[in-house]
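K.L.:
Below you will find the structure I want to go over with you.
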Amino acid sequence: GVFFGMEAKPGKRTPYVPPPEDRKLHLSHATLGRDPRRDERVVLKLRLGSDGSQEVFVCSFRGGGQESCVLDLVLDEYAEFSVEGSTSVYVCGY
């Protein structure tokens, strides 16, 4: 696969649009962005489904504590990432 990386920002929905080829995206890691507030909880969320009705919490971080998360998620459809908290989350995979 080809490397994939993106920043999900607080208060914004960041779309993932699958390529026209029949490929899947494997998300393998997420990490908290720069200068997180100590002890603040930051949650990476993913909205799925053609109508966006299915929202799941993918991982949770705490500034100064757990600041990264190993993932094993496969996406093959349109999805939107969002962040609950005040710090960006970076996601990567292939």
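According to the numbering used here, the sequence shown is numbered sequentially starting from -16.
We treat Cβ as the ideally placed atom computed from N, Cα and C, and that holds for glycine.
Computed from a prediction, not measured in an experiment: that's the story for all the values here.
Identify the residues that DSSP records as bridge partners of Glu67: which are they?
P.N.:
Within the sequence shown, the letter at position 84 stands for residue 67. Its beta-bridge partners are Val26.
K.L.:
For the beta strand (DSSP E) containing Arg(-4), list its first residue and its last residue.
P.N.:
For the purposes of this step, residue -4 is taken as the residue at position 13 of the sequence shown. That residue, Arg(-4), is in no beta strand (DSSP E); it is neither H nor E in DSSP.
K.L.:
For Phe85, which residues from the same chain have a beta carbon less than 7 Å from its beta carbon, with the 5 sequence-adjacent residues on both sides left out?
P.N.:
Residue 85 is absent from the model: the chain starts at -16 and stops at 77.
K.L.:
Report the rounded CA-to-CA distance for Pro(-7) versus Glu4, giving the unit in angstroms.
P.N.:
Locating residue -7 in the sequence shown gives position 10, counting from the first residue. Locating residue 4 in the sequence shown gives position 21, counting from the first residue. In a straight line, the C-alpha of Pro(-7) is about 30 Å away from that of Glu4.
K.L.:
Less than 8 Å between the C-beta atoms of Arg30 and Glu63, yes or no?
P.N.:
Numbered from its first residue, the sequence shown carries residue 30 at position 47. Numbered from its first residue, the sequence shown carries residue 63 at position 80. It is a contact, given that the beta carbons lie within the stated cut-off.
K.L.:
Work out the CA separation of Ser65 and Leu27 for me, nearest whole Å.
P.N.:
Residue numbering aside, residue 27 sits at position 44 when the sequence shown is read from its first letter. Residue numbering aside, residue 65 sits at position 82 when the sequence shown is read from its first letter. Cα to Cα, the separation comes out at about 6 Å.
K.L.:
Buried or exposed: which applies to Gly32, given that a residue is buried once 16 or more other Cβ atoms fall within 10 Å of its Cβ?
P.N.:
Here residue 32 refers to the residue found at position 49 when the sequence shown is read from its first residue. Classification of Gly32: exposed, given that the 10 Å Cβ count is below 16.
K.L.:
Between the C-alpha atoms of Cys42 and Asp55, what's the straight-line distance to the nearest angstrom?
P.N.:
Within the sequence shown, residue 42 is the residue found at index 59, counting from 1. Within the sequence shown, residue 55 is the residue found at index 72, counting from 1. The straight-line gap from Cα to Cα measures roughly 11 Å.
K.L.:
Put Arg20 into one of helix, strand or coil per three-state DSSP.
P.N.:
If you number the sequence shown from 1, residue 20 lands on position 37. Of the three classes helix, strand and coil, the one that applies to Arg20 here is coil, per DSSP.
K.L.:
By Cβ distance, which residues of its chain are closer than 6 Å to Cys52, with the 5 residues on each side in sequence left out?
P.N.:
Numbered from its first residue, the sequence shown carries residue 52 at position 69. Closer than 6 Å at the Cβ level, and outside the excluded window around Cys52, lie Ala13 and Cys42.
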